[in-house]
Each structure stands twice: as C-alpha cells, then as structure tokens.
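Here my numbering = 1-based position in the sequence shown + 94. Structure, as structure tokens:
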Amino acid sequence: MSHDLYLAARQAMQNAYAPYSKFPVGAALRTEDGRIFSGCNIEVASYPEGWCAETTALGAYIMGGGGRITEIAVVAERMARITPCGGCRQRLAEFASAETSLYLCDEVGVVETVRLGDMLPYGFKGETLR
Ligand code: THU
95 MSHDLYLAAR QAMQNAYAPY SKFPVGAALR TEDGRIFSGC NIEVASYPEG WCAETTALGA
155 YIMGGGGRIT EIAVVAERMA RITPCGGCRQ RLAEFASAET SLYLCDEVGV VETVRLGDML
215 PYGFKGETLR
C-alpha cells in the first residue's frame, strides 16, 4: 500500500524549513518490517549548507536502526511528480537497492512508480572501497 507512505511524506513536508526557496519537500521510506521514516528539506542562510528531504529521512532511518528499504515516496508542494536530485539518488542507493520502488508524487498522491535503479544508471558503487 503506497498511499500511507505518500501521506507520511506529505505530513513530513509540513515540517519543511524552506524560507529561501519556498519549495517544501517531504520524503518517506519504509523498511521491510513496516517501519516508516520521514523527513523534510532544511535550508540554511548559507545556501549550500541546506539539505534535502530524502537526506533527512535517511538520517531518521539510520537513527531508527536501519534495515532493508522496500519503498520510498517523495512529494513537493509546488511540483507535480518531483524526482530526487542527483545527490539524493546516490544517498538513497547507498541504503536501498536497485529494485526499491520510488513513488513520485503530487499534491494528491502517487503519480508514477519507478525503480530506484532506473533513476541512477551507471551510479558509482562503493564495493571497491571496502
Ligand atoms: N529538494 C529536496 O528536498 N529534495 C529533492 O529531491 C530536490 C530538492 C529541496 C532542496 C531545497 O531545499 C529545495 O528543494 C529547492 O531546491
């Protein structure tokens, strides 16, 4: 059921701190045991120091004990079918798999479902660093 994850992302978006871009974003991810972790974007007056909703959600996920990620939802108040930025695709790929479902949402619900792997073709993999 993707709609509850969508609702979690939309709820998280309400907490967005985006006074500079005025572009609130929410993200939520679910682990295989059913836990949901969510986050919003957080901006900083020194603009490059702000970060994305997906990154906040990943922080909550790590602090909550991690686990296998099965689904991810992203929503933005002012954009139909937002897609994660390049940096967040890389961060999500660090903890989720190519098969993880990524729900691209608008203000009503899920608009499109893609595989995370399809969002980051030829992405850098850390295996050789281990
Ligand atoms: N943003 C996200 O939170 N996630 C994305 O996938 C794209 C962009 C945020 C960053 C910044 O606070 C605002 O949207 C405008 O770029």
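Yeah, the Cβ is synthetic: ideal placement off N, Cα and C, and Gly gets one too.
Of the residues Leu198, Met213, Pro215 and Leu214, which one's Cα is nearest the Cα of threonine 207?
-> Leu198
Cβ shell of alanine 187 (< 7 Å), same chain only, five flanking positions each side left out | So the qualifying residues of the chain are Leu210, Leu214 and Gly217.
Comparing the CB of asparagine 135 with every heavy atom of the ligand ATP, is any distance shorter than 6 Å?
-> Judged by which ligands are present, the ligand ATP is missing from the structure shown, whose ligands are the ligand THU.
Return the chain-ordered list of same chain residues with a C-beta closer than 6 Å to the C-beta of alanine 121, the five sequence neighbours on each side being excluded.
-> Ala103, Gly133, Ala147, Glu148, Ala151 and Val168
Buried or exposed (CB count within 10 angstroms, at least 16 for buried), cysteine 179 = When all chains shown are included, cysteine 179 counts as exposed.
Arginine 162 vs glutamate 126 beta-carbon contact at 7 Å = yes
Proximity below 7 Å, CB of alanine 110 to CB of proline 118 | Yes, they are a contact pair.
Supposed close pair glycine 158, arginine 129 - CB separation, criterion 8 Å | About 6 Å separates the beta carbon of glycine 158 from that of arginine 129, a gap short enough to meet the 8 Å contact definition.
Who are the Cβ neighbours of glycine 160 in its own chain at under 8 Å, not counting the five residues just before and after it?
-> So the qualifying residues of the chain are Thr125 and Phe189.
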